[in-house]
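A quick write-up on the structure given underneath.
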Amino acid sequence: MADSRMLEGKVAVVTGAGRGIGREIALLAAKHGASVVVNDLGAGVDGEGMDASPAGETVADIEKAGGSAIINGDSVADPAGAQRMVESAIEQFGRIDVVVNNAGILRDGIFHRMSHVDWQAVIDVHLMGSFNVSKAAALHFREQESGCFVHFTSTSGLVGNVGQANYSAAKMGIVGLSKSIALDMRRFNVRSNCIAPFAWSRMIGSIPADTPAQKARVEKLRRMTPDKIAAMAVFLASDAAAKVSGQIFAVRNNEIFLMSQPRPIRSVHRGEGWTPETIAEHALPALQADFYPLDVSADVFSWDPV
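Every letter in the sequence shown is one number past the one before it in this note's numbering, and letter 242, counting from 1, is 419.
Next up, the structure:
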């Protein structure tokens with residue numbers, strides 16, 4: 178199994194594949210036999226600008242290794258561009274089997290200072306982008322009765338983080354999108370899962386590191402390379418994951434976590450119903466012991482990566 182080509186004959190669209198995690202996924206997918214549409218706008222971390230060279234380098238490296246890949250420079254935030262991505266896969270390779278929604282930007286800021294422009298830009302790329310590319314592929318998946326979506330979420334949404342309301346909201350939205358796709362399309366043998374990655378990337382590199390604690394955390398993140406994430410993405414895209422759908426995984430260096438999903442954990446009942454006063458007097462004391470603290474990701478993942 179170690180030397181098998183787990184994606185032999187499959188065609189994958191990988192967004193944001195010019196650099197970082199997306200690039201490593203594209204390279205590993207090609208190594209395992211997939212033909213890859215390498216999508217990347219070539220924008221900066223904040224989504225501004227365009228540069229085709231990162232995607233071109235990824236394609237060149239895939240071809241140098243004997244694989245097959247093409248460039249797509251469309252924006253995931255544009256529904257027509259997402260359609261072109263999928264159409265380019267079908268025109269060039271004859272089908273589409275895998276969508277990896279990895280493209281992303283950051284525009285961090287404390288919530289009360291966050292502009293509508295920065296909110297919208299991040300939602301458009303992460304959440305709308307994941308919808309746009311997934312929707313473009315969905316009808317093809319339905320017709321061929323097979324297909325796989327791998328979406329990227331974040332512990333910034335799953336757990337919490339400071340100064341990332343736009344990013345956190347988008348990433349939690351992606352969790353809901355993935356679960357809905359998994360439920361709606363399981364009759365067509367279509368799977369949908371999420372990965373929350375811990376890895377050094379341009380986006381992580383843009384996080385402020387002003388205090389000693391912040392600098393120490395960033396230094397630990399530098400040791401977590403994007404290739405660690407690629408293995409999970411390629412596995413989820415393969416037939417070996419045929420029974421895996423609607424799940425959320427976190428990958429941190431050599432650790433893989435199955436993340437929880439919201440379910441009831443405690444309840445209170447009052448036959449005559451509740452008033453604001455009885456909620457304060459009886460419900461709150463019964464429930465409060467199980468309240469979640471206002472943790473951030475670093476509080477939950479407090480040990481060094483292994």
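Idealized CB from N, CA, C, for every residue including glycine. Quantities reported herein were computed from a predicted structural model and do not represent experimental measurements.
{"Query": "Sorted by chain position, which residues of the same chain lie with C-beta nearer than 8 Å to Lys-312's C-beta, five sequence neighbours on each side aside?", "Result": "Pro-256, Ala-259"}
{"Query": "Reducing DSSP to helix, strand and coil, say where Ile-273 ends up.", "Result": "coil"}
{"Query": "Please confirm whether Leu-360 and Gly-448 have their CB atoms less than 8 Å apart.", "Result": "no"}
{"Query": "If you pair each beta-carbon of the region 442-456 with each one of the region 403-420, do three or more pairs fall below 8 Å?", "Result": "no"}
{"Query": "Helix, strand or coil, according to DSSP, for Ala-179 in the structure here?", "Result": "For Ala-179, the predicted model reports a pLDDT of 49, less than 50, meaning its position is unreliable; a value from the coordinates is still stated below. Reduced to three states, the DSSP call for Ala-179 is coil."}
{"Query": "Measuring CA to CA, which of Met-183, Gly-210, Gly-306 is closest to Gly-193?", "Result": "Gly-306"}
{"Query": "Less than 8 Å separating the beta-carbons of Gly-186 and Leu-218?", "Result": "no"}
{"Query": "Cβ of Ile-239 within 8 Å of Cβ of Ile-406?", "Result": "no"}
{"Query": "Taking the CB atoms as reference points, tell me whether Met-436 and Leu-335 lie closer together than 8 Å.", "Result": "yes"}
{"Query": "For the beta strand (DSSP E) containing Val-213, list its first residue and its last residue.", "Result": "212-216"}
{"Query": "Hey, Ser-245 and Ser-212: beta-carbon distance below 8 Å or not?", "Result": "yes"}
{"Query": "With distances taken between CB atoms, is the gap from Cys-371 to Ile-358 smaller than 8 Å?", "Result": "no"}
{"Query": "Where DSSP assigns a beta bridge to Gly-286, which residues make up the other side?", "Result": "Gln-341"}
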